[in-house]
Amino acid sequence: MIVSGGAVAIGASAGAIQMLLRILPALPKTYPLPVFVVVHVPPGRRSELATLFAGKCRIAVQEAEDKQPVIAGTITFAPPDYHMLIETDRTLSLSTDDPVFFSRPSIDVLFESAADAYGAAMTGVILTGANEDGANGLRAIGLCGGRTIVQNPATAYARAMPEAALARWPSACVLGPDQIVESLIAAVDS
Amino acid sequence: MDAALTVMDELTTEDIEIRLLLEALYRRYHYDFRNYAQASIKRRLRQARQQLGVATFSALQDRLLHDPEAASRVVRLLTVQVSDFFRDPGYFRAIREKVVPHLKTYPSLKVWIAGCSAGEELHSFAILFREEGLEDRTLFYATDINQSALDAAAQGIYPISRLQAFTENHRLSGGRSSLSDYYTTGYGGAVFDKSLRERVVFSDHSLVTDAVFSEMHLISCRNVMIYFDRQLQDRALGLFSDSLIRNGFLGLGSKESLRFSARADDFVDFVKDEKIYQRRMA
Numbered sequence: 352m353i354v355s356g357g358a359v360a361i362g363a364s365a366g367a368i369q370m371l372l373r374i375l376p377a378l379p380k381t382y383p384l385p386v387f388v389v390v391h392v393p394p395g396r397r398s399e400l401a402t403l404f405a406g407k408c409r410i411a412v413q414e415a416e417d418k419q420p421v422i423a424g425t426i427t428f429a430p431p432d433y434h435m436l437i438e439t440d441r442t443l444s445l446s447t448d449d450p451v452f453f454s455r456p457s458i459d460v461l462f463e464s465a466a467d468a469y470g471a472a473m474t475g476v477i478l479t480g481a482n483e484d485g486a487n488g489l490r491a492i493g494l495c496g497g498r499t500i501v502q503n504p505a506t507a508y509a510r511a512m513p514e515a516a517l518a519r520w521p522s523a524c525v526l527g528p529d530q531i532v533e534s535l536i537a538a539v540d541s
Numbered sequence: 017m018d019a020a021l022t023v024m025d026e027l028t029t030e031d032i033e034i035r036l037l038l039e040a041l042y043r044r045y046h047y048d049f050r051n052y053a054q055a056s057i058k059r060r061l062r063q064a065r066q067q068l069g070v071a072t073f074s075a076l077q078d079r080l081l082h083d084p085e086a087a088s089r090v091v092r093l094l095t096v097q098v099s100d101f102f103r104d105p106g107y108f109r110a111i112r113e114k115v116v117p118h119l120k121t122y123p124s125l126k127v128w129i130a131g132c133s134a135g136e137e138l139h140s141f142a143i144l145f146r147e148e149g150l151e152d153r154t155l156f157y158a159t160d161i162n163q164s165a166l167d168a169a170a171q172g173i174y175p176i177s178r179l180q181a182f183t184e185n186h187r188l189s190g191g192r193s194s195l196s197d198y199y200t201t202g203y204g205g206a207v208f209d210k211s212l213r214e215r216v217v218f219s220d221h222s223l224v225t226d227a228v229f230s231e232m233h234l235i236s237c238r239n240v241m242i243y244f245d246r247q248l249q250d251r252a253l254g255l256f257s258d259s260l261i262r263n264g265f266l267g268l269g270s271k272e273s274l275r276f277s278a279r280a281d282d283f284v285d286f287v288k289d290e291k292i293y294q295r296r297m298a
C-alpha cells in the first residue's frame, strides 16, 4: 500500500471509549497513516488506554513519548496529564502547559500543532464529549485545507463537543460512527 | 506595477517570522529559545501576540526589540512552568526506596534541581531528604532561567487551594511525616518553613548557554527538556553527564526518554519505569 504523507487526529471526551471501540478496531491492518488520539482522562500515573486498545486493534497502538518520531500505521494516545503536539519534523513532543478547557491533554493543542505540521494532508475528527475542547483545533485544520469530520451529535453520548465544533467550523462533514470509519478508510484508498 | 513575488513554500510565513523573532530575542536580550521545540513555543508566542494585542509575529518582534518591558513579559511567558509537590508520586517513591540507600553511602551530597520553576520539586526533595535523614549532609542547587520563578521558589509560598493535591501526592510518595508539619497558612497562602531552604543555592542558570558548575550526586530535571528540540536536549544531557559523579543519578519526567538522544550511551537505566538513570562508569 502507498503510504501518503497525511495523518489523522481524533479527539473525544465523555463517551470516548465506546465510540473509539467502534472506530479504531475497524481500521485495517494495512492502514497507512499515523493516528493520533486525545481522550480526556483524569491525571493518573498510567493510562490503560493503549493497553486496552492494543488488544483490540489490527494496527500498532502506543502511548506517546517525548521526541518520538511519528510512525505510519500506528495509533498513538496522548499520555495523561501531558499535552501532545506534532512537530513539523514529524516527531511528537509533549508539554505540561496549562490545561485548555480544563483538559490536559487537550484536543485543541494536538489539532492546532497537527494543522501546522501537516496542513492540507491532515484529517481531524471530533467525537462525543461534554465540553468545547477541540472546536478551535478543528477550525485550524479546516483553515489549512485539511479534512474535518464531526460525529453527528444525535449519535453522540454527549453532544456538547461535536456541537461546539460544528458551531466553530460549520463546513465539517457530519457523520455517524460507521460512516466515520468508512471515510477514514476511503480517504487512503483513493 | 511589478508582479508579486512567488511565495516559496518550504517554510510558512509564520515559521519564518518565528525564527526571526527568536533570533531577535537572542541578539537583543541574550535569551536563547532558538532550539526550543517549535510547536509549544509557537503556541506560547500566539498567547503573547494576543496578550500584547499585536496581529502578527513580525509585529510582536518589532515590539520586543523596542520595548524591553514587553520583552521581559514575553520571556516570562515563554519560561513559566507549573509543577506540583511530589508530582508523579511513584518517582519520589523510587527515589526514596531505590536511590536514597545509595546516597546514604556518601558523607556529603550535592543535588541539582535543574529548571526548578516555582520550587515545587525542590521543596519535595527537601522534605524527602529530611524524612530520610540526608538533609544535613546535602547541598541543593535550584536553577532556572526565569527570575520571577526563582524568586517564588525562594519564598516558598503556594496557594492553599493546591495543598490538598500536594498532601495526597506526598502520602502516595511514601511520606513519613505529615505535609502540614512543613507549612503555616495565612493570607490565602501556605508558607513552607524556611529551614527547608537553608541548604539551597538558588541560581539563574541556563541549560541552553551555561556550563557545568559543580559535581553532582543527583540531578532531577523533569519536564524541562520536553520544551527543547533534540539538539538542545543533547546539549543539556551532555551537561548533566559531565556534572554527575560516576554512578550519579539522573531523574527525568515520566514521558521523557533517552532513547532518542545521542547521549543515551552515557547513562544506564536504574529505575526504568520512573525514568531514573545512572551515569555510566567511565
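Each protein sequence line maps, in turn, to chains A and B. Heads up: the first sequence is residues 352 to 541, going by the working numbering. Heads up: the second sequence is residues 17 to 298, going by the working numbering. Beta carbons are placed, not taken as given, at the ideal position from N, Cα and C, and that holds for glycine. Being a predicted model, the structure only gives us computed values, none of them experimental.
For this session: Please compile the residues from chain E whose C-beta is within a distance smaller than 7 Å of the C-beta of B/N239.
Result: You won't find chain E in this structure, because its protein chains are A and B.
Notebook entry, point to check: At which residues does the beta strand (DSSP E) containing A/L436 begin and terminate?
Noted result: H434 to I437 is the span of the beta strand (DSSP E), which, as asked, contains A/L436.
Nearest to B/E147 by alpha carbon, out of B/F108, B/A130, B/I176 and B/L179? The residue from B/F108, B/A130, B/I176 and B/L179 with its alpha-carbon nearest to that of B/E147 is B/F108.
Identify the contact partners of B/A53 in chain A, using a Cβ-Cβ distance below 7 Å as the criterion. Neighbours of B/A53 in chain A, taken as residues at a C-beta separation under 7 Å, are given in chain order as E438 and S444.
What separation, rounded to the nearest whole angstrom, lies between the Cα atoms of B/A280 and B/G269? Taken atom to atom, the span from the alpha-carbon of B/A280 to that of B/G269 is near 15 Å.
Margin query: Against chain A, does B/Q97 count as a neighbour if the rule is that its beta carbon must be under 8 Å from one of theirs?
Written below: Closer than 8 Å to some Cβ of chain A, the Cβ of B/Q97 qualifies, so yes.
Notebook entry, point to check: Mapping DSSP to helix, strand and coil, what is B/F276?
Noted result: In the structure shown, B/F276 adopts coil according to DSSP, grouped into three states.
Within chain A, partners of B/Q77 - CB distance below 8 Å
For B/Q77, there are no neighbours in chain A by C-beta distance under 8 Å, as the nearest C-beta there is about 19 Å away.
Between which two residues does the alpha helix (DSSP H) carrying B/E33 extend?
The continuous alpha helix (DSSP H) containing B/E33 extends over residues T29 to Y45.
* To do: Determine, using beta carbons only, whether A/E416 comes closer than 8 Å to chain B.
  => The C-beta of A/E416 comes closer than 8 Å to at least one C-beta of chain B.
Worksheet item: If the cut is a Cβ gap below 9 Å, which residues of chain B does A/D467 touch?
Response: Within chain B, the residues T28, E30, D31, Q54, A55 and K58 have their CB atoms less than 9 Å from the CB of A/D467, given in chain order.
Given a threshold of 16 other Cβ atoms within 10 Å of its Cβ, counted over all protein chains shown, does A/C495 qualify as buried or as exposed? By the neighbour-count rule (16 or more Cβ atoms within 10 Å), A/C495 is buried.
*asked:* Against chain A, with Cβ distances strictly below 8 Å, would B/I242 count as a contact?
replied: Cβ-Cβ to chain A under 8 Å: yes for B/I242.
Using a Cβ-Cβ cut-off of 8 Å, state whether A/Q419 counts as contacting chain B. Yes, because at least one Cβ of chain B sits closer than 8 Å to the Cβ of A/Q419.
I'd like to know whether the C-beta atoms of B/L93 and B/F49 end up nearer to each other than 8 Å.
Not closer than 8 Å, so no.
- What's the gap between the Cα of A/P383 and the Cα of B/A206? About 53 Å.
Using the Cβ count rule (16 or more neighbours within 10 Å means buried), how would you classify B/Q247? Around the beta carbon of B/Q247, a 10 Å sphere encloses fewer than 16 other beta carbons of the protein chains shown; the residue is thus reported as exposed.
(request) Please report the residue range of the alpha helix (DSSP H) in which A/M512 lies. (result) Note, A/M512: alpha helix (DSSP H), A511 to R519.
ask   = Could you give the residue range of the alpha helix (DSSP H) that holds B/H82?
value = F73 to H82 is the extent of the alpha helix (DSSP H) around B/H82.
State yes or no: is the beta carbon of B/S273 nearer than 8 Å to at least one beta carbon in chain A?
Judged by the 8 Å Cβ criterion, B/S273 is in contact with chain A.
With DSSP run on the structure shown, which of helix, strand or coil describes B/P175? If DSSP states are grouped into helix, strand and coil, B/P175 belongs with the strands.
#### Entry: Start and end residues, beta strand (DSSP E) containing A/A486
Per DSSP, A/A486 belongs to no beta strand (DSSP E); it is in the alpha helix (DSSP H), A486 to L494.
**Prompt:** Can you list, in chain order, the residues of its chain whose CB lies under 7 Å from that of A/A491, leaving out five sequence neighbours each side?
**Reply:** Here the set comprises F462, E463 and A466.
Compare the C-beta of B/F276 against all C-beta atoms of chain A and say whether one is closer than 8 Å. So, interface residue.
Residues of the region 184 to 195 of chain B with Cβ closer than 7 Å to any Cβ of chain A, in chain order: If you check each beta-carbon in the region 184 to 195 of chain B against every beta-carbon of chain A, none falls closer than 7 Å.
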